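Q: If you want our numbering, it's the 1-based position in the sequence shown plus 512.
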Amino acid sequence: MTERKKLVAGNWKMNGSRASADEIRAMIQGAEALRSQVEMAICPPAVLAGLAGDLVSGSALGLGGQDCHAEPAGAFTGDISAEMWADVGARYVLVGHSERRTAYGETSETVRAKAGAVLRAGLQPIICLGERLSEREAGETLSVIAEQLERSTPVPDETGGIVIAYEPVWAIGTGLTPTLAQVAEAHGRLRQALRARLGARGEGVRILYGGSVKPDNAAGLMSTPDVDGALVGGASLKAADFLAIARACAGR
Ligand code: PGA
């Protein structure tokens, strides 16, 4: 069986300030203690990237962007390219988060172009996907997420590494989570789709679970088959909660 080192990534969304430096320092300390078992990263807002990049430089805590433009540079007011994320020391960029798909009308084709840009910059795209509540209730979850994966995922070259984050839209920020059986079913379907798309390399792709991951539900979620880590929103803002989730992920 292919070994996949677990990844716990924190999506700060539009939260945090320069005063968050203390939380980042505490996260770095915790990440050092877990580095052999689990990879950790934070995705702060872009204005904190320079500060966070300097703090995490050379440490076990990685840096990620929350989004990027597909082009490397140019007249795109307000946007940030994957190359710029690489320049501040990022290892990852989230693409296709449901908040971007919903609020900014991003299609899977846009997401695929952005993911390709992240690979071009030498970073790992964390490609987010997941079903809406109406789709789950209609029994369409597995077909919806398989189609999203197919349409949002570039075929990476040999050196490229992608990460998938399965985030049911109805579980994000709501305190609701699917049952462990539902998580296992969704991740199993995504693994199958990855194998179909990438062949043997699909086995090495990490599939994170995201949506209301908290210290008290992390152990169950993280020991579910084919769950290779977590994408954490609200609970990633405080070092104590974020580290508790990472420890659960490491099986401690
Ligand atoms: P949440 O967010 O953990 O606050 O539910 C997860 C996400 O949106 O990535």
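In this text, a Cβ means the ideal position worked out from N, Cα and C, and glycines have one as well. Please read these numbers as outputs of a predicted model, since none were measured by experiment.
So what does DSSP say about GLU679, is it helix, strand or coil?
A: When DSSP states are grouped into helix, strand and coil, GLU679 belongs to the coil group.
Q: Using the C-alpha atoms, what's the distance from GLU583 back to ALA521?
A: 25 Å
Q: Mapping DSSP to helix, strand and coil, what is LYS649?
A: According to the sequence displayed, residue 649 carries Glu and not Lys. Assigned with DSSP and collapsed to three states, GLU649 falls in helix.
Q: Would you say LEU575 and ALA561 are within 8 Å of each other, going by their C-beta atoms?
A: ALA561 is positioned such that its CB atom lies closer than 8 Å to that of LEU575.
Q: Output needed for ILE554: all residues of its chain with C-beta closer than 6 Å, excluding positions within five of it in sequence on either side, in chain order.
A: GLY522
Q: For LYS729, tell me which candidate among ALA758, GLU544, ALA564 and HIS699 has the shortest Cα-Cα distance.
A: With the sequence shown as reference, residue 729 is identified as Asn, and Lys is not the correct amino acid for it. Comparing Cα-Cα distances from ASN729 to each of ALA758, GLU544, ALA564 and HIS699, the minimum goes to ALA758.
Q: I believe LYS525 touches CYS580 by the beta-carbon criterion, under 8 Å. Please report the beta-carbon distance rounded to the nearest angstrom.
A: About 16 Å separates the two Cβ atoms, so there is no contact after all.
Q: Is the beta carbon of ASP740 closer than 8 Å to that of ARG466?
A: Only positions 513 to 764 of the chain appear in the structure, and residue 466 is not among them; the question remains open.
Q: Terminal residues of the continuous alpha helix (DSSP H) containing MET552?
A: Run containing MET552: none in the alpha helix (DSSP H); it sits in the beta strand (DSSP E), 550 to 555.
Q: Report yes if the C-beta distance between MET539 and LEU755 is below 8 Å; otherwise report no.
A: Yes, they are a contact pair.
Q: For a quick check, are the C-beta atoms of VAL486 and PRO637 less than 8 Å apart?
A: Since the first residue of the chain shown is 513 and the last is 764, residue 486 is not available in this structure.
Q: So SER593 packs on ALA585, CB below 8 Å; how close in whole Å?
A: Taking a contact as a CB-CB distance under 8 Å, the pair SER593 and ALA585 counts as one, their CB atoms being some 6 Å apart.
Q: If I follow the unbroken alpha helix (DSSP H) through CYS580, where does it start and stop?
A: Careful: CYS580 lies outside any alpha helix (DSSP H) and carries neither H nor E.
Q: Can you tell me the Cβ-Cβ gap for GLY642 and GLU595, rounded? I've got them flagged as a contact below 8 Å.
A: Not a contact, Cβ separation roughly 28 Å.
Q: Grab the span of the beta strand (DSSP E) containing ARG718 for me, first residue to last.
A: 718 to 722
Q: Mind listing, in chain order, the continuous beta strand (DSSP E) runs of no fewer than 3 residues lying wholly within the segment 586 to 648?
A: 604 to 607 and 636 to 641
Q: Check for me: the alpha helix (DSSP H) holding LEU766 runs from which residue to which?
A: Residue 766 lies beyond the residue range present for the chain, which begins at 513 and ends at 764; the question has no answer from this structure.
Q: What does the alpha-carbon distance come out to for the pair ALA751 and ASP591?
A: 29 Å
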